[in-house]
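Peer 1: Structure incoming, see below.
4 protein chains.
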Amino acid sequence: MTVHTGRHFLQIPGPTNVPDRVLRAMDMPTLDHRGPEFAELGFAVMAASQRIFRTKQPVIIYPSSGTGAWEAAIVNTLAPGDKVLMAETGQFAVLWKGIADKFKLDVDFISGDWRHGADIAAIEQRLVEDKAHKIKAVCVVHNETSTGCLTPPLEMRKALDRAGHPALLMVDTISGLGSMEYEHDAWGVDVSVAGSQKGLMLPPGLGFNAVSEKALAAAKANPGMRSYWDWQEVITFNKLGTFPYTPACNLLMGLHEALKMLEEEGHENVFARHRRHSLATRAAVKAWGLDTQCADPQAHSPALTGVVMPEGHDADAFRKTVLENFDMSLGTGLNKIKGKVFRIGHIGHFNDLMLMGTLSGVEMGLALANVPHRAGGVLAAMDVLKAREAAPIPKVA
Amino acid sequence: MTVHTGRHFLQIPGPTNVPDRVLRAMDMPTLDHRGPEFAELGFAVMAASQRIFRTKQPVIIYPSSGTGAWEAAIVNTLAPGDKVLMAETGQFAVLWKGIADKFKLDVDFISGDWRHGADIAAIEQRLVEDKAHKIKAVCVVHNETSTGCLTPPLEMRKALDRAGHPALLMVDTISGLGSMEYEHDAWGVDVSVAGSQKGLMLPPGLGFNAVSEKALAAAKANPGMRSYWDWQEVITFNKLGTFPYTPACNLLMGLHEALKMLEEEGHENVFARHRRHSLATRAAVKAWGLDTQCADPQAHSPALTGVVMPEGHDADAFRKTVLENFDMSLGTGLNKIKGKVFRIGHIGHFNDLMLMGTLSGVEMGLALANVPHRAGGVLAAMDVLKAREAAPIPKVA
Amino acid sequence: MTVHTGRHFLQIPGPTNVPDRVLRAMDMPTLDHRGPEFAELGFAVMAASQRIFRTKQPVIIYPSSGTGAWEAAIVNTLAPGDKVLMAETGQFAVLWKGIADKFKLDVDFISGDWRHGADIAAIEQRLVEDKAHKIKAVCVVHNETSTGCLTPPLEMRKALDRAGHPALLMVDTISGLGSMEYEHDAWGVDVSVAGSQKGLMLPPGLGFNAVSEKALAAAKANPGMRSYWDWQEVITFNKLGTFPYTPACNLLMGLHEALKMLEEEGHENVFARHRRHSLATRAAVKAWGLDTQCADPQAHSPALTGVVMPEGHDADAFRKTVLENFDMSLGTGLNKIKGKVFRIGHIGHFNDLMLMGTLSGVEMGLALANVPHRAGGVLAAMDVLKAREAAPIPKVA
Amino acid sequence: MTVHTGRHFLQIPGPTNVPDRVLRAMDMPTLDHRGPEFAELGFAVMAASQRIFRTKQPVIIYPSSGTGAWEAAIVNTLAPGDKVLMAETGQFAVLWKGIADKFKLDVDFISGDWRHGADIAAIEQRLVEDKAHKIKAVCVVHNETSTGCLTPPLEMRKALDRAGHPALLMVDTISGLGSMEYEHDAWGVDVSVAGSQKGLMLPPGLGFNAVSEKALAAAKANPGMRSYWDWQEVITFNKLGTFPYTPACNLLMGLHEALKMLEEEGHENVFARHRRHSLATRAAVKAWGLDTQCADPQAHSPALTGVVMPEGHDADAFRKTVLENFDMSLGTGLNKIKGKVFRIGHIGHFNDLMLMGTLSGVEMGLALANVPHRAGGVLAAMDVLKAREAAPIPKVA
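Residue numbers (our numbering), protein chains in the order written: chain U, 15 to 411; chain Y, 15 to 411; chain R, 15 to 411; chain Z, 15 to 411.
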C-alpha cells in the first residue's frame with residue numbers, strides 16, 4: 015500500500031485528474047438502463063457529446079477504451095484488403111496501424127520522425143497519385159499523445175479536397191477532444207475517435223465515434239464482420255435514449271457532469287487554458303535548457319509536452335525519482351523513444367498552481383536525478399502564467 | 015428530473031444494487047495505469063477474479079459490456095464457417111447466437127420453449143452424431159436472465175465427455191457468477207463469460223472471459239481477425255499487472271472492493287442467500303396464484319424469477335404501474351415473451367427486507383393494475399425467510 | 015466488522031436514512047469559511063432554513079447535536095431562577111427539563127403518562143393562575159420521539175393567548191421539522207429547536223434555533239452567561255453569510271442539498287408522505303393485535319410509531335432479534351418504558367417499499383422472538399399504501 | 015457559482031485539505047448511535063484519539079467547533095470569579111480570553127506583540143507571586159494560528175512546577191495536534207483543546223478535550239453550570255462506546271479514517287513533513303525579501319507561516335488577487351494585524367508539490383498585486399525540498 019501524504023500529481027497525458035464533481039456523479043446508484051430515467055440521461059449525454067465534437071451527426075459511445083473506438087472506426091467502414099493511408103506520427107499512430115493490420119487492411123504507413131505532425135504534403139501526394147481511388151480512408155492522429163505533436167485535421171481535409179479524393183477522413187482525437195478546438199462537421203471529418211480519460215476528464219472506460227453521413231453510408235455498404243462495434247445498432251437504440259447492450263451507466267453519469275463542467279467553463283475558455291499551460295510548460299523546458307520532443311513550433315500540443323532527455327540519461331530512471339520523491343506520475347517515452355523522452359500531461363481538470371506543482375516536481379526531479387539542466391524553469395513558467403489577461407478564470411452566474 | 019423520496023428499488027436482474035462500499039471505492043482519483051500502484055490493483059483483481067470463477071487459469075477483464083465478453087469468446091476461438099451448437103434457452107441465448115451469426119459461424123441452434131434450461135440430451139445427441147467433430151464449440155447460458163432458468167454447466171461437460179467430443183464448452187454465466195456456485199476448472203468449462211453488473215455488484219462496464227488451456231490453444235490456432243478482444247495480448251500484459259490498453263481503472267477499483275465483500279461474506283454464504291431469496295420469491299408467486307416462467311422445478315434461478323402474467327394482462331403496463339407508484343424497476347419480458355412476463359431480480363447486494371419491499375411492491379402493483387391474484391404472497395415469502403437457521407447473516411472478525 | 019449483504023434498514027426515529035445526494039454533497043472538498051464561495055452557501059442555507067421553519071426571522075445553525083440547540087434556547091433567553099413550564103410528554107421532555115435544571119431554572123414540570131401529548135389545558139390553567147407573570151417560558155415537545163405523540167404548537171400558542179400570558183413559547187421540533195407541518199411565524203413560536211438528523215435527512219451534527227423578535231429581545235435583556243450558543247453573535251456574522259466560529263462546512267453543504275430535495279418534492283408532499291406512512295404503520299400494528307404507545311388518536315406522530323410489547327416480552331430482546339436476523343435497527347424504549355416499547359421510525363428519506371421492508375422485518379421479528387401477535391400486519395399496511403390517489407410520487411420538470 | 019478548472023488550493027491554516035479517503039469514509043450511511051456497530055466505531059476513535067494526544071486519559075469528543083472545546087475546558091473546571099492567567103499570543107488567545115470573560119472569570123491577560131509565543135517567564139513570575147494560589151488555571155495556545163508562533167507546553171509545565179503552583183495547565187492545540195509533537199501526559203497538560211479541521215484533516219465539526227486526572231477532579235468539584243459540555247456525562251457514556259447525545263456519526267467515521275492515515279504514515283513522519291514544509295516556506299519568504307510574522311526563530315510553526323506585507327500594501331487586496339487569479343485561499347490577518355499579514359497554511363494532507371503550487375501562487379500574486387519582492391522564492395523552497403534524505407515519503411506494507 016502506498017501512503018499518500020497529499021494528492022498524487024497524475025501528470026501523465028491521460029488518464030487525467032478527474033474532477034470531484036465527476037467522481038461524485040458516478041458515485042450514485044446505478045439505474046435501469048431500459049427505464050425512463052436512464053433515457054433522460056442517454057439523450058442528455060448524446061446531445062452534449064455532439065456539442066463538444068461540434069457535430070449534428072450521431073456520436074456513438076462505447077463501453078470501451080479508446081482502442082476500442084479505433085477498432086470501431088475501422089470495422090464499420092473498411093473490409094479486409096481495403097487500402098488506407100496512415101501517418102506515423104508516433105506510438106499511437108503505430109498502434110492504430112497495428113489494428114488496421116490485424117483487420118487485414120492494406121496500410122500505406124507514411125513514415126515520420128515522431129517529432130512532427132503528419133506529413134500532409136506527402137499524404138496529399140499519395141492521394142493525387144491514387145487516380146483509381148483505391149484508398150478508402152486516410153487516418154491521422156490529431157494530438158499524438160506519445161510526442162505532443164499536432165496534426166491539423168482541417169489541413170488534412172483541405173488536402174483531400176484539393177486532391178479531389180473521396181477517401182474517408184478518420185481522425186483520432188482521443189487526447190485532443192475537450193482540450194483543444196475540434197470541429198467534426200466544419201472540418202469535414204468522417205470518423206472522429208475519442209476516449210473518456212483525457213480532455214473529457216473522466217476515468218477510462220468510454221470510447222467515442224462521431225460519424226459523418228458519408229461514413230454511415232460507407233458502413234452500410236461495408237460487408238465486414240462486426241457486432242459490438244456496429245454503429246447502426248447503436249444509432250437505432252440511441253433514438254430511444256438507450257443502447258443495444260447494457261451501457262456503462264455510471265460512466266455515462268460522470269460524462270454528463272463532465273460535459274456540463276466544460277460548458278460551464280465555456281469550451282473556448284477550456285481550450286485557451288490548455289494553450290496557456292502548454293506555453294508555460296515550454297517556457298520551463300526552454301529555461302531548463304532541454305528540448306521538446308515536438309520539433310515543429312506550429313505543432314505543439316496544448317495537452318501535453320514531450321521532453322527529450324539529455325544524452326546518457328534515462329527518462330524512466332528520472333520518472334522513478336520523481337514518483338518516489340514527489341508522488342507525481344509523468345508519462346514514459348513509448349516504443350522507440352523509450353528512455354529518451356518523458357511527457358508532462360497538462361490536460362483536463364487543471365489549473366495554474368497544479369501546473370506549478372507539476373513543473374516544480376520536474377525541476378526538483380532533474381536535480382535529484384542528476385540530469386544536466388539550468389534551474390529556474392519554474393520562474394519562466396510563472397512569467398507566462400502571470401500574464402493573466404490572456405486567460406482569466408471564468409465565472410458563471 | 016425524477017424525485018426519489020427514498021431509495022429506488024432496482025429489481026431488474028441486472029444492473030443490480032451496487033453496494034455503497036463499491037461505489038465509494040470507484041469514487042477515488044484515477045491512477046497511472048502503467049505505474050506501480052496500479053499494478054498492485056491489477057494483480058489483486060486478477061487473483062480475486064480467479065477465486066470467484068474457481069479457476070487457476072487466466073481471467074481476462076475487458077472494458078466492455080457482457081456482450082463484448084460474448085464476442086470475445088467467439089472471435090478468439092472460432093473462425094467464419096466453424097460449426098457451433100447453441101441452445102435457445104431465452105433471449106440472451108438468442109442474442110449470443112446473433113453474434114455468432116454476425117461472425118459467420120455455422121450455428122446449430124437447438125430450439126427451446128424459454129421455460130427450461132438447455133436440452134442437454136438433445137445437445138448430446140448432436141455431439142454423438144458429429145463423428146467428424148465438425149462442431150467446434152458448444153455454447154450454453156448458465157443462468158438465462160430472460161427466463162430465470164438454469165442450465166447446469168457440469169451436466170453439459172458430462173454430456174461432452176460421454177460423447178467423447180472435443181468441442182469447446184463455452185458458458186455464459188453473466189448473471190450467474192457471484193450469485194450461485196460456479197466452477198470454471200472443476201466443471202471443465204473452456205470459456206466462461208461474465209459481466210460486472212449482476213452478482214459481482216458493480217455498475218456495468220466490465221466483461222470477463224475465464225479461459226481454459228484448451229481454449230487458449232484453440233485461440234492460438236485460430237486465424238480469425240481480432241484485436242481489442244485478443245486474449246493473448248491481455249494475458250501478456252497481465253503478467254506485469256497491467257493491460258494492453260487503458261483499462262477502466264475506477265471500475266477495477268470497484269471490482270477489487272466487490273470481490274473483497276463477497277469473500278468477507280463467504281462465497282458459500284452468498285450463494286445460500288440467493289437460493290433462499292429465490293425460494294421466498296417463488297413462495298410468493300405461488301401464493302399469488304401465478305406461474306413462474308421457469309417450468310422446471312430443478313432449474314429455478316437463485317438470481318431472478320420470471321413471472322407469467324395472467325392471460326389478457328400486459329406485463330409492461332403492470333411494470334409501469336409499479337415504477338410510477340412504488341419507484342421500483344422490474345425486468346421486462348424480452349422478445350417473444352414481451353408483455354407476457356415480468357422479472358424480479360433478487361441478485362447481488364440484497365437482503366431479506368429489501369426482498370420484502372420488492373415483493374410488497376409487486377403485490378401492491380398487481381392490485382393497482384387489476385391483475386387477478388390472491389393477496390398474501392408476502393406472507394408466504396416471510397414464512398420462508400423466517401426459517402433463519404438456513405442462512406444466518408454472516409459476521410467476520 | 016459487520017457484514018452487510020444489502021442495505022441496513024435504519025428505522026430508528028433518527029438518525030434517519032440520509033439520501034445519497036446529501037451524502038455526496040457533503041463529500042466534497044471543504045472550503046474557506048471566510049471566502050466568497052462559502053458566503054454563497056451560507057446565505058443559501060439560511061434562506062432555505064427559513065423556508066422549512068416557515069419564518070422570516072433568523073434561523074441560527076450550530077455545529078452541535080439537537081441537545082445543544084435545546085441548551086441554546088435556554089441560555090439565550092433565561093437566567094438562573096427563572097420560572098418555566100415544561101410538560102412531561104416523554105424522555106425528550108425529561109432530558110430538556112434536565113438541562114433546564116442544570117441551568118438552575120425553576121421548572122414546573124407538568125406530569126404526563128408518556129402516551130399523550132402535553133396537557134395543554136393544565137398548562138393553560140397554570141398560566142392563568144400566574145397573574146404575576148413569573149413564568150418566563152413554556153417549553154413543549156412538538157413530536158415526542160420517545161413515544162410518537164404530538165403536541166400541537168398552535169394549540170399551545172392559543173392557550174397562551176387566551177391566558178394573556180407573555181411567556182415565551184419554546185418548541186422542540188427536533189424530530190418534527192421536515193416531516194410534518196411546522197409554522198414558526200404563523201403559530202407564534204418564539205424559539206423553535208431542531209436538529210439535522212431527522213426529517214432534515216442529514217447526519218447528526220447540526221442544531222437549529224429559529225427565533226422570534228420577542229425571543230431576541232428576551233435574549234438581549236438576559237444577563238445569563240453564554241458564548242458558544244449566543245444568538246446575537248451568530249446573527250451578526252450571518253449577515254455576511256458567515257459564522258462567528260468555524261462552521262461545520264460539509265454538513266452545511268449537505269444541508270443545502272437536503273433542503274433542496276425537500277423543496278423539489280414539495281414540503282406539502284413530504285408531509286403527506288409521512289402521514290401516509292404513519293397510517294400504514296398503525297394499520298399494521300393494529301392487525302398484529304398490538305397497541306401503539308400513543309393512546310390519543312389525534313396525537314399520532316407522522317414520523318415514528320411507538321409499539322407496546324405484550325406483557326412479559328422484552329422489547330430489547332425483540333429488537334436484538336430483528337437486528338441480528340434482518341439487519342434492521344429499531345428504536346429502543348427509553349427510560350421508564352425501557353423494554354416495554356419499541357419504536358419504528360418512518361421519517362426522512364423513505365418510501366413505500368422501504369416501509370414494507372421495515373414492517374416485514376417487524377412482523378418476522380415478532381414471530382422469531384415468539385411475541386404473541388397475529389400475522390398479516392403487512393397486508394393491512396399494503397391496503398393503506400395501495401390507496402395511491404392520496405399521495406402520488408411527485409415529479410418535477 | 016464559481017467555476018473551478020482544477021483543484022482549489024485551500025491554503026488557509028484550517029480548515030485544511032481533507033483527504034479523499036476521509037471524505038469517502040464520511041460518505042457512508044449514517045448509523046444507529048446506540049447500536050453495536052456504532053460502539054465499535056466509538057471505541058476505535060476514542061483509542062486512536064488517545065494515541066494522537068499521547069494520553070491514557072479520556073479524550074472527550076464534541077459535535078462542535080474548536081471554540082466549543084475552548085468553552086468546554088473553561089466551564090468544566092472553572093467557576094465565575096476564578097482567576098486565570100492567559101497569554102496574548104494572537105487572535106486565538108484573544109478569542110479564548112473572550113470566552114473566559116463571558117463566563118466571568120478573572121483573567122490576567124499577559125500582553126504580547128503577536129510575533130512571539132507566550133512570555134513564559136512573565137507567567138512564571140505571576141505564578142511565583144501568587145502565594146495564595148488564587149490562580150486556578152494557566153491557559154496557553156500551543157500553535158497560535160493567527161501568527162504562526164509556537165508556545166511550548168512543556169516549558170509552561172516546567173514553569174508551573176518550578177513555581178510549585180497547583181494551577182491547571184490548559185493548552186489550545188487546535189492547530190497543533192496532528193501536525194507537530196504533542197504529549198498530553200508527558201508534558202503534564204491538564205486540558206488539551208483541539209478541533210477536527212486542522213492537522214486531523216477532517217472537515218470542521220468536532221471539538222476535543224483531553225483531560226488529566228487533576229482536571230477531572232477539578233471538574234467534579236466545580237459548581238459551575240454546564241450541560242452540553244459536561245465531561246462527566248460523556249465519560250460515563252463513552253465507557254459503552256457511545257455518547258450522551260447523538261454524536262456527529264459521519265464525522266466520527268471520518269475521524270476514524272483520518273487517524274488511521276496518520277498512523278499509516280507514522281506520527282513522527284507526519285510531524286517531520288510539516289517541519290520540512292515550514293522550513294521551505296520560510297526559505298521562500300526570506301528569498302522574497304519579506305518577513306515572517308513570527309519574530310522568534312525558535313517559535314516558527316510547522317503548520318503555518320504568517321507573512322508581513324510591506325508597508326503600504328494591503329494583505330487582503332493581495333489575497334483577493336491570489337484567489338481570483340489562482341483559485342487559492344490564503345489566510346487573512348486577524349484583528350490588529352488585519353491587512354498587514356497574510357498566512358500560508360501548510361498543514362494537514364499536504365505534500366511537496368502542493369506546497370510548490372502554493373508558493374508559486376504566492377509569488378505570482380505578489381507580482382500581480384505589485385507588492386515589492388524579489389522573484390525566486392520558489393527556487394529557495396525547492397532547495398529545501400530537494401534535500402530528500404530528511405523526509406522520505408513513507409511506505410507501509
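C-beta: ideal position from N, C-alpha, C; glycine also. These figures come from a predicted structure and were not determined experimentally.
Quick check: what's the CA-CA separation for Ala181 (chain Z) versus Pro217 (chain R)?
Peer 2: For this step, residue 181 (chain Z) is matched to residue 167 along the fourth sequence. For this step, residue 217 (chain R) is matched to residue 203 along the third sequence. C-alpha separation (whole angstroms): 39 Å.
Peer 1: With 7 Å set as the bound, which would you pick, yes or no: does the beta-carbon of Met42 (chain Z) sit closer than that to a beta-carbon of chain Y?
Peer 2: The sequence position of residue 42 (chain Z) within the fourth sequence is 28, counting from 1. Answer yes: the Cβ-Cβ gap between Met42 (chain Z) and chain Y drops below 7 Å somewhere.
Peer 1: Give the range of the alpha helix (DSSP H) segment to which Leu174 (chain Y) is assigned.
Peer 2: On the second sequence, residue 174 (chain Y) is found 160 positions in, with the first residue counted as 1. Segment Pro167 to Ala177, the alpha helix (DSSP H) holding Leu174 (chain Y).
Peer 1: What is the C-beta distance between Ala313 (chain Z) and His130 (chain Z), in whole angstroms, given that I count them as a contact (C-beta under 8 Å)?
Peer 2: By 1-based counting over the fourth sequence, the position of residue 313 (chain Z) is 299. By 1-based counting over the fourth sequence, the position of residue 130 (chain Z) is 116. Their Cβ separation, rounded to whole angstroms, is 6 Å, which keeps Ala313 (chain Z) and His130 (chain Z) in contact under 8 Å.
Peer 1: Within this structure, are the beta carbons of Ile188 (chain R) and Gly162 (chain R) separated by less than 7 Å?
Peer 2: The count along the third sequence starts at 1 and reaches residue 188 (chain R) at position 174. The count along the third sequence starts at 1 and reaches residue 162 (chain R) at position 148. Going by C-beta atoms, Ile188 (chain R) is not nearer than 7 Å to Gly162 (chain R).
Peer 1: Which chain Z residues sit within Cβ distance under 9 Å of Asp34 (chain Y)?
Peer 2: Translated into positions along the second sequence, residue 34 (chain Y) becomes position 20. What Asp34 (chain Y) touches in chain Z: Asp41, Met42 and Pro43.
Peer 1: Alpha carbon to alpha carbon, what distance is there between Pro94 (chain U) and Ile149 (chain U)?
Peer 2: By one-based count along the first sequence, residue 149 (chain U) stands at place 135. By one-based count along the first sequence, residue 94 (chain U) stands at place 80. Approximately 13 Å, taken between the alpha carbons.
Peer 1: Just the chain Y side, please: which residues come within less than 9 Å of Ser374 (chain R) by C-beta, in chain order?
Peer 2: Translated into positions along the third sequence, residue 374 (chain R) becomes position 360. Those are Asp366, Leu367, Leu369, Met370, Gly371, Leu373, Ser374, Val392, Ala395, Met396 and Leu399, listed as they occur along chain Y.
Peer 1: Chain Z beta carbons: is any one of them nearer than 7 Å to that of Val17 (chain U)?
Peer 2: Here residue 17 (chain U) refers to the residue found at position 3 of the first sequence. Chain Z, which has a Cβ nearer than 7 Å to the Cβ of Val17 (chain U), makes this yes.
Peer 1: Would you check if the distance between the CB atom of Val154 (chain Z) and the CB atom of Val121 (chain Z) is smaller than 7 Å?
Peer 2: Your numbering for residue 154 (chain Z) matches position 140 in the fourth sequence. Your numbering for residue 121 (chain Z) matches position 107 in the fourth sequence. No; because the gap between Cβ atoms is not below 7 Å, this pair is not in contact.
Peer 1: Hey, is Gly320 (chain U)'s beta-carbon within less than 7 Å of any beta-carbon in chain Y?
Peer 2: Taking the first sequence and counting its residues from 1, one reaches residue 320 (chain U) at position 306. With 7 Å as the cut-off, Gly320 (chain U) does not count as an interface residue toward chain Y.
Peer 1: How would you write the range of the alpha helix (DSSP H) that Ala331 (chain Y) sits in, first residue to last?
Peer 2: Against the second sequence, residue 331 (chain Y) aligns to sequence position 317. Here the alpha helix (DSSP H) through Ala331 (chain Y) covers Ala329 to Phe340.
Peer 1: Could you tell me the distance, in whole angstroms, from the CA atom of Pro167 (chain R) to the CA atom of His288 (chain R)?
Peer 2: By one-based count along the third sequence, residue 167 (chain R) stands at place 153. By one-based count along the third sequence, residue 288 (chain R) stands at place 274. For Pro167 (chain R) and His288 (chain R), the distance between alpha carbons rounds to 19 Å.
Peer 1: Which value, in whole angstroms, describes the spacing of the CA atoms of Ala381 (chain U) and Met368 (chain Z)?
Peer 2: Your numbering for residue 381 (chain U) matches position 367 in the first sequence. Your numbering for residue 368 (chain Z) matches position 354 in the fourth sequence. Each residue's alpha carbon lies about 19 Å from the other.
Peer 1: Identify every residue that forms a DSSP beta bridge with Asn157 (chain Z).
Peer 2: Numbered from 1 along the fourth sequence, position 143 holds the residue referred to as residue 157 (chain Z). In DSSP, Asn157 (chain Z) forms a bridge with Z:Leu164.
Peer 1: Count the C-beta pairs between the region 62-73 of chain R and the region 297-308 of chain Z that are closer than 8 Å, then say yes if the count reaches three, no if not.
Peer 2: No: fewer than three Cβ pairs fall under 8 Å.
Peer 1: Looking only at its own chain, which residues have a Cβ that is under 6 Å from the Cβ of Lys409 (chain U), when we skip the five neighbours before and after it?
Peer 2: Here residue 409 (chain U) corresponds to residue number 395 of the first sequence, with the count starting at 1. With a pLDDT of 49 at Lys409 (chain U), under the threshold of 50, the modelled position of that residue is not reliable, and no figure is offered here.
Peer 1: So for Asp115 (chain Z), helix, strand or coil by DSSP?
Peer 2: Indexing the fourth sequence from 1 puts residue 115 (chain Z) at position 101. Helix at Asp115 (chain Z).
Peer 1: Which residues, taken in chain order from the region 77-108 of chain U, show a beta carbon closer than 8 Å to some beta carbon of chain Y?
Peer 2: Within the region 77-108 of chain U, the qualifying residues are Pro77, Ser78, Ser79, Gly80, Thr81, Gly82, Glu85 and Pro94.
Peer 1: Would you list, in sequence order, the uninterrupted alpha helix (DSSP H) runs of no fewer than 4 residues that lie entirely inside the region 195-240 of chain Y?
Peer 2: Whole alpha helix (DSSP H) segments, 4+ residues: 227-235.
Peer 1: Can you tell which of R:Leu269, R:Leu393 and R:Gln25 has the C-alpha that lies nearest to the C-alpha of Ile361 (chain R)?
Peer 2: Here residue 361 (chain R) corresponds to residue number 347 of the third sequence, with the count starting at 1. Among R:Leu269, R:Leu393 and R:Gln25, the Cα nearest to that of Ile361 (chain R) is on R:Gln25.
Peer 1: Can you tell me which of the three DSSP states Arg16 (chain U) falls into?
Peer 2: Translated into the one-based positions of the first sequence, residue 16 (chain U) becomes position 2. Rather than Arg, the amino acid found at residue 16 (chain U) in this sequence is Thr. In this structure, Thr16 (chain U) counts as strand in the three-state DSSP scheme.
Peer 1: Just verifying my parser: in three-state terms, what is the DSSP assignment at Asp120 (chain R)?
Peer 2: In the third sequence, the residue the question calls residue 120 (chain R) occupies position 106. Correct three-state label for Asp120 (chain R): strand.
Peer 1: Give the straight-line distance between the Cα atoms of Thr260 (chain U) and Glu54 (chain U), rounded to the nearest whole angstrom.
Peer 2: Counting from one through the first sequence, the residue named residue 260 (chain U) turns up at place 246. Counting from one through the first sequence, the residue named residue 54 (chain U) turns up at place 40. So the two alpha carbons sit approximately 16 Å from each other.
Peer 1: State buried or exposed for Ala214 (chain Y), treating a residue as buried only when at least 16 other CB atoms are found within 10 Å of its CB.
Peer 2: Locating residue 214 (chain Y) in the second sequence gives position 200, where the first residue counts as 1. The question names Ala, yet the displayed sequence has Leu at residue 214 (chain Y). Counting Cβ neighbours within 10 Å, Leu214 (chain Y) comes out buried, since at least 16 surround it.
Peer 1: Could you tell me the distance, in whole angstroms, from the CA atom of Leu141 (chain Y) to the CA atom of Arg48 (chain U)?
Peer 2: For the purposes of this step, residue 141 (chain Y) is taken as residue 127 along the second sequence, with counting starting at 1. For the purposes of this step, residue 48 (chain U) is taken as residue 34 along the first sequence, with counting starting at 1. Cα to Cα, the separation comes out at about 38 Å.
Peer 1: Is Gly371 (chain R) closer than 7 Å to Gly371 (chain Y) when the C-beta atoms are compared?
Peer 2: Looking up residue 371 (chain Y) in the second sequence gives position 357. Looking up residue 371 (chain R) in the third sequence gives position 357. The answer is yes: Cβ separation under 7 Å.
Peer 1: Which residue spans inside the region 32-116 of chain U form an unbroken beta strand (DSSP E) run of at least 3?
Peer 2: Qualifying beta strand (DSSP E) stretches, in chain order: 73-77 and 97-101.
Peer 1: Along the region 330-356 of chain U, what residues have a CB closer than 8 Å to any CB found in chain Z?
Peer 2: Result list: Glu338, Asn339, Phe340, Asp341 and Met342.
Peer 1: I'd like to know if the region 346-354 of chain Y and the region 103-110 of chain Y are in contact, where contact means that at least 3 CB-CB pairs between them fall below 8 Å.
Peer 2: Verdict: yes, contact present.
Peer 1: What residues from chain Y crowd round Phe117 (chain U), counting only those whose CB sits closer than 9 Å?
Peer 2: Locating residue 117 (chain U) in the first sequence gives position 103, counting from the first residue. Simply Met239, Arg240 and Ser241.
Peer 1: Check whether the region 385-399 of chain Y touches the region 248-264 of chain Y, counting contact only when three or more Cβ pairs, one atom from each stretch, lie closer than 8 Å.
Peer 2: No, they do not touch.
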